[in-house]
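Enquirer: When you read off a place in the sequence shown, starting at 1, and then add 1, the result is the number in my numbering. C-beta atoms are modelled at their ideal positions from N, C-alpha and C, and glycine is treated no differently. Being a predicted model, the structure only gives us computed values, none of them experimental. Structure in structure tokens, see below.
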Amino acid sequence: MTTFHSLTVAKVEPETRDAVTITFAVPQPLQEAYRFRTGQHLTLKASFDGEELRRCYSICRS
């Protein structure tokens, strides 16, 4: 089962016209769970117009 945590977006950096780098502020108690591991990805979950959306993203740098 996937576990989701509410994280705050700390920074958004434009990379290209169609891509951005998003940096999250990870609370100290979750630091180990979010430590970078090769091949890792994140699934983000949000509600939009009453519908739950999930999208997977690769981690490009730690």
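#1: What residue from V27, Q41 and E33 has the CA that sits closest to A11's CA?
#2: May I ask you to report which of helix, strand or coil DSSP gives P28?
#3: Alpha carbon to alpha carbon, what distance is there between L43 and A34?
#4: May I ask which residues mark the beginning and end of the beta strand (DSSP E) holding E16?
#5: Is E52 helix, strand or coil by DSSP?
Expert: On the basis of the coordinates in this document:
#1: Here residue 11 corresponds to residue number 10 of the sequence shown, with the count starting at 1. Ranked by Cα distance from A11, the options V27, Q41 and E33 are led by V27.
#2: As a working mapping, residue 28 is identified with position 27 in the sequence shown. It is coil, neither helix nor strand.
#3: Indexing the sequence shown from 1 puts residue 34 at position 33. Indexing the sequence shown from 1 puts residue 43 at position 42. Straight-line Cα distance between these residues: approximately 12 angstroms.
#4: Your numbering for residue 16 matches position 15 in the sequence shown. Its beta strand (DSSP E) spans residues T9 to T17.
#5: For the purposes of this step, residue 52 is taken as residue 51 along the sequence shown, with counting starting at 1. In this structure, E52 counts as strand in the three-state DSSP scheme.
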